[in-house]
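Undergrad: In the numbering used here, the protein residues as written are 59 to 238.
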Amino acid sequence: MALLRLKWISTDLLASVCLMKRAVCPGSFDPVTFGHLDIIERASAQFDDVVVAVLVNRTKSSMFTVAERMEMILKTTAHLSNVRVDSWSGLLVDYCKSNEIQSIVKGLRAVTDFDYELQMAQVNLQGSGVETMFMATAPTHSFLSSSLVKELAHYGGDVSSMVPELINTALKSRVQEGGK
Ligand code: PNS
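#1: Taking 7 Å as the cut-off, is the CB of Lys-238 close to at least one heavy atom of the ligand PNS?
#2: At the level of alpha carbons, what is the spacing between Ala-228 and Ser-203?
#3: What is the DSSP secondary structure of Met-178, counted as helix, strand or coil?
#4: Where does Phe-240 fall in DSSP's three states?
#5: When the Cα of Ile-97 is compared with those of Ala-194, Gln-184, Asp-144, Asn-140, which residue comes out closest?
#6: Are Ser-154 and Ser-205 close, meaning C-beta to C-beta below 8 Å?
#7: I'd like to check one pair, Ala-81 with Val-5: are the Cβ atoms closer than 8 Å?
#8: Taking three-plus beta-carbon pairs below 8 Å as touching, is the stretch 156-166 in contact with the stretch 119-138?
#9: Got a sec? Which residues, its chain only, sit under 6 Å from Gly-165 by beta carbon, not counting five neighbours each side?
#10: How far does the alpha helix (DSSP H) with Asp-96 in it extend, from its first residue to its last?
#11: Does DSSP put Gly-236 in a helix, a strand or coil?
#12: Is it the case that the Cβ atoms of Asn-182 and Thr-190 are separated by a distance below 8 Å?
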């Protein structure tokens, strides 16, 4: 009887793991902003398991190392129990395949994002069947980007309304060290 019960539990467990809706929020996150965090938080409400993946973007140089960026995301998403942090250097669809992730979640800020994001979503869909879900960025964050934050921080501008305090502090010290 006990064995039968155990079998039931394990079948249930297996079924729930298989049915788990898993998504990835990919990006450079150099550094993570309130705009990213808004999308991550909203994705965590829609999916069972959300991986925030710090991807190496070949076309961009970074201010923070991948390990530093991961640490920042870990700290600023600590309140979201179904959110994990990982890194990847390669094709996003390969990451999705090897981690059984069915959906990519991206924030769309404005029409200027659309062409490039649509192109990537279509290539990713065609190549692997991985779906991309676009979330409209909250209007308060529509102008926000990591590049803008770094530019402002570089010239001593106030970015306290754009990033959490610990990121603001990290930006200030990186600028003082001469980081770009
Ligand atoms: O925050 P970013 O820099 O705008 O994020 C872009 C990123 C890293 C998500 C994108 O460049 C990406 O998915 N890179 C991984 C390589 C890949 O799969 N490229 C897409 C082929 S169309």
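Glycine residues also receive a C-beta, built at the ideal position from the N, C-alpha and C atoms.
TA: Taking the structure as given:
#1: no
#2: 17 Å
#3: Note: Met-178 maps to helix in three-state DSSP.
#4: The question about residue 240 has no answer here: the residues shown for the chain are numbered 59 through 238.
#5: Ala-194
#6: The residue asked about is misnamed: residue 154 is Cys in this sequence, not Ser. The answer is no: Cβ separation not under 8 Å.
#7: In the structure displayed, the chain extends from 59 to 238; residue 5 sits before or after that span and is not available.
#8: No contact exists between the stretch 156-166 and the stretch 119-138.
#9: Ile-97, Met-193, Thr-195
#10: 92-104
#11: coil
#12: yes
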